[in-house]
Amino acid sequence: MYNENIFHYLRTNKLPHIWCPGCAHGIITASILRGIDKLKLDKNKTSVISGIGCSGRTPGYLDMNTLHTTHGRSLTFATGIKFANPKLTVIDVMGDGDALAIGGNHFIHACRRNIDITAIIFNNNIYGMTGGQYSPTTPVNAYASTAPYGNVEPPFDIVKLATGAGATFVARGDAFHVALMDKIIEQAISHKGFSVVEIMATCPTQFGRRNKMKEPYQMLDFVANMAVSIKKWNEISEEEKEGKFPVGVFVDETRSEYCESYEENILKKVQRGEK
Amino acid sequence: MTKIELLSGNDAVVKAAITAGCKFYGGYPITPSSEIAEGMAKELPQVNGKFIQMEDEIAGIGASIGASLTGAKAMTATSGPGFSLKQEHIGYAIMGEIPLVIVNVMRGGPSTGMPTYPAQSDVMQARWGTHGDHELIVLTPCSVQEIFKLTIEAFNLSEKYRVPVILLTDEIIAHMREKVEIEARSEYKIIDRAKPTVEPENYNPFDTKHGMVPPLAPYGEGYRFHITGLTHDHTGFPTSNPDLVEKLQERLRDKILDNKKYFNWYEERMVDDADIVVVAYGATARSAMRAIKDARLNNIKAGLYRPITMWPFGYENIKKIAKTAKMILVVEMNLGQVKGEVERAVAGTKCKVKFLGKANGELITPAEIGTKIMEVMNV
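Chains A and B, in that order, are what the protein sequence lines are. Residues in the first sequence are numbered consecutively from 1, following the UniProt record's numbering. Residues in the second sequence are numbered consecutively from 1, following the UniProt record's numbering.
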C-alpha cells in the first residue's frame, strides 16, 4: 500500500498529525489520498471539508482547498461549495457523532438531495476528542465515559440509514482490510451523486481502553474479525452474523444529481425563457 | 434612468441583492421573511445564480458560507427563532472572515412568540447572539427605499471587511409596500472582495501585510488554503499561542472599529436646538418622526436621532446630542435594548434618558410617543 505519489497531496509541514498512536484515522486518510491519486484529481480543484472531532483535523493535512467547519454541519458547507462551483470535487470527512448525532439531519438530507459529494464517515464508535462519550454507533453494552454501566442505546446502521435516505452510492469498509477500503473510496469519489462510505475505525485510547482492547492491535483485530464480505454475509446464519457486519458496496445506482438537475431543469429553462 | 416601483420591504431586499451581485441564497422558510426566499428562488436563476432551500436554518447559512468561499456573493434571510439557530454559523463567518449577508426580519419573541407581528427585540441578539468576543456590522433601515439601499451596502461592507453583515428589519417595513426609486445598476457603487495579487505559493488567507482585511481567494482557482473556526495564525492553521490569538482577536475587532467612520450612518432631524431628542430606528422611527413634528407644533423643541448603523453603536453621535439636549427618549418595540446603550453613551453628562417601549406585537403610535414626550417634559 506504500505509495510515494500521495506525499505531494500532503501539507508535510503540518505533520506529525495530532492523532493518538494506534488511531486508524491516518490509515483512512492515506486511503483517501491513494484514491485521489489514482483518479489523478487536481488539488486546485479538490475541496476537503470536515466537521469537529478527531476526523475534523484531516483536511488540515491535505494540500487542497480545505475547510474545517462546525460540529456536524460540514455537509451544509460542502453543499454550498459544490452547488456554487460544481467543477470542484468535494470530499467531506466526518466522525460518527459528527455525522449521525449533531449532523444527522444534514446527513439524511444530503443523501436525499443526491448532490455530488463523497461523505466518508470515520466510525470509531465513540466521541474520541471530547473524552470517550458514547456515540450513535457505540455498540450496546460497550463502555464509554458517559456509559459507565454499559451503553443501553442501540446504534445506527449507517449503511441502512444512508440507503433509506436515498444516497446513490453506499459502502462500508474497515481500517484493517485496506485493499477493500482503497477500492471503495476510489469508487465513491468517482461516483456521480451523493456517496457514503463508512469506515470502521479504531480508537484504542477512548474506546479500546474502556472495552478491554487498549492495545492498537487488539482494536484492529476486533474490527478485522467483525468484517464479513457481502457475499459471505448472505451465506451465513443469523447466529453467525451476531456482532459482525458486512463490508463492500451496498448501493451503486444512478439518479439525477442535484447540481445537474438545477442546471438542466432551472437554469436552462430560464435561459430559454420558459416558465 | 430611474425606475419607480411599488415594493414591499422583502421584495426590495431581493431586488437590491440581485443588483449588488448576489449569486447564492441558502435558506429555510420562516415568517415574516419567507418572501425573500421566494423572491430569490425566482430571481437568482435569471442571473445564473443558485438558490437552495436547505433542511434547516443552520444548513441555510452553512451552505451560504460554503458558496461564499467559492467567490459567490451569498446571503440568507430569517426571523427571530431562525436567527437564534443561525448564530453558530454567524460566529464561524466572523472567525473565518467570510463575507455573507444575513437579513433578520424581527418578529415578537421569545421563542415562537408572535410570528406575524412586529418587534424590535433582536437588537442585542444581532450584537451578541453568537458566543465569544466579536465585532460585526448591523444595519437598521426604516423604509422600503432604505431597505433597497442598505441591502446593497450590506453586501458592500461584507465584501470589503470580510465580515457577516446583518440587515435588521422588522415585520412592518418588511411587509409594507412603498414607492421605491431604482436606478440602473451602473449608478450604484458595488464592491467586490479583494482577490490576492500574490502568487498562490505565497498566499496566506489571513496575512495582514497589506492591510487589516486580507484578500480572500476563491476555492478552485489555484490558491490552496485552509480555514478553520479554531483560533488561527495568518496562514489559517490552528494556533493557541496566546500572542497570536490576541493578535487575531484584536484584528477582528479593530478591522471593524477602526473603519467605523466609513459606515457610521445615522439620521438627525431638528436636533440642533432640541430639548428632547427621540432615539428610534426601523418602523418605530416613522412614528417618532411624526411625533416630533407634532411636538414642535405644541412648542416643544423635539428632535430625532435615528441610528442607521446599529452596530457598531454610535456612542459618540449620542454623546454629542447629550451635550445640548436636556433629555433623550428612547422608543423601541422591546423592553429596553438600545436604551441601555444610550445610557452608556450619555454617562457623565446632565442629559436624562427616558424610555418608551413595548413588546406586545403593536406598533408604537405617534400619539403614544407624543404623550410620552409631554409627560417627560412635564408639559
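Beta carbons: idealized from backbone N, C-alpha and C, even for Gly. Quick caveat, the model's predicted, so the values are computed rather than measured.
message: Can you find the residues in the same chain that come closer than 7 angstroms, C-beta to C-beta, to T284(B), ignoring five residues on each side of it along the sequence?
response: Q120, V331, E332, M333 and I364
Identity of the residue in S55(A), A175(A) and E253(A) nearest Q187(A) by Cα: E253(A)
Closest Cα partner of D275(B) within the set R251(B), G303(B) and L150(B): G303(B)
message: Only counting the same chain, and skipping five residues up and downstream in sequence, which positions put a Cβ closer than 6 angstroms to that of L85(B)?
response: E57 and I58
field: Through-space distance from V13(B) to P32(B), alpha-carbon basis
entry: 13 angstroms
query: When you compare only the Cα positions, how much space is there between V90(A) and E135(B)?
result: 31 angstroms
- prompt: For A101(A), which residues in chain B fall below 8 angstroms Cβ to Cβ?
  reply: By Cβ distance, chain B contributes nothing, its closest Cβ being about 14 angstroms from A101(A), past 8 angstroms.
query: Of all the options D98(A), R57(A), N5(A) and E153(A), which has the alpha carbon lying nearest to the alpha carbon of T76(A)?
result: D98(A)
- request: In the DSSP assignment, find the unbroken alpha helix (DSSP H) run with S190(A) in it and report its ends.
  value: V178 to S190
query: Within 7 angstroms (strictly less), CB to CB, does R127(B) reach chain A?
result: no
- prompt: Ends of the alpha helix (DSSP H) at E35(B)?
  reply: S34 to E43
field: Candidates I65(B), A67(B), S68(B) and S8(B), of which the one nearest G39(B) by Cα
entry: S8(B)
query: How big is the Cα-Cα spacing for Y143(A) and G150(A)?
result: 5 angstroms
- request: Taking I91(A) as the query, report the chain B residues whose CB atoms sit under 7 angstroms from its CB, ordered along the chain.
  value: In chain order: nothing, as chain B lies at least about 13 angstroms away.
query: Taking the alpha-carbon positions, what's the L139(B) to S34(B) distance?
result: 20 angstroms
- prompt: Under a Cβ-count criterion, where at least 16 other Cβ atoms within 10 Å of its own Cβ denotes burial, should D170(B) be classed as buried or exposed?
  reply: buried
- prompt: Going by C-alpha distance, which of G220(B), G222(B), P205(B) and E221(B) is nearest P214(B)?
  reply: P205(B)
Sequence-distant residues of the same chain with beta carbon closer than 8 angstroms to I117(A), five excluded per side: L75, A78, T79, K82, V90, I91, D92, A110, F194 and S195
query: How should R172(A) be labelled, buried or exposed, when 16 other C-beta atoms within 10 angstroms of its C-beta is the threshold for buried?
result: buried
Short-range partners of chain B found in the segment 99-130 of chain A, where Cβ spacing is below 7 angstroms: N105, H106 and H109
task: Taking all protein chains shown into account, decide if T202(A) is buried (16 or more other Cβ within 10 angstroms of its Cβ) or exposed.
output: buried
Check whether K244(A) and M226(A) have beta carbons under 7 angstroms apart: yes
message: Taking DSSP's pairing of strands, which residues face Q218(A) in a bridge?
response: Note: Q218(A) sits in no beta bridge, so no partner.
message: I'd like the span of the alpha helix (DSSP H) that includes T228(B), first residue to last.
response: Looking at the DSSP string, T228(B) is not in any alpha helix (DSSP H); the run it does join, the beta strand (DSSP E), is H226 to T228.
- request: Give the interface partners of P59(A) over in chain B, defined as CB-CB distance under 8 angstroms, in chain order.
  value: H226
- prompt: Which stretch, first to last residue, makes up the alpha helix (DSSP H) that contains H25(A)?
  reply: H25 to K38
query: Taking just the CA atoms, how far does Q271(A) sit from W128(B)?
result: 43 angstroms
- prompt: Of all the options V278(B), Q46(B) and C22(B), which has the alpha carbon lying nearest to the alpha carbon of K354(B)?
  reply: V278(B)
field: Own chain, CB closer than 8 angstroms to V47(B), minus 5 neighbours either side, in chain order
entry: I18 and K23
query: By Cβ distance below 6 angstroms, which residues in the same chain neighbour K40(A) in space, the five residues on each side in sequence not counted?
result: none
- prompt: What residues from the segment 227-258 of chain B come within 8 angstroms of chain A, judged by C-beta to C-beta, listed N to C?
  reply: I227, T228, G229, L230, F237 and P238
message: Helix, strand or coil, according to DSSP, for G104(A) in the structure here?
response: helix
query: Along the segment 17-39 of chain B, what residues have a CB closer than 9 angstroms to any CB found in chain A?
result: K23, F24 and G26
- prompt: Does the beta carbon of P45(B) come closer than 7 angstroms to any beta carbon on chain A?
  reply: yes
Chain-ordered neighbours of M54(B) on chain A, where CB pairs are closer than 7 angstroms: T76
Within 9 angstroms of chain A by C-beta, residues of the segment 148-177 of chain B in sequence order: none
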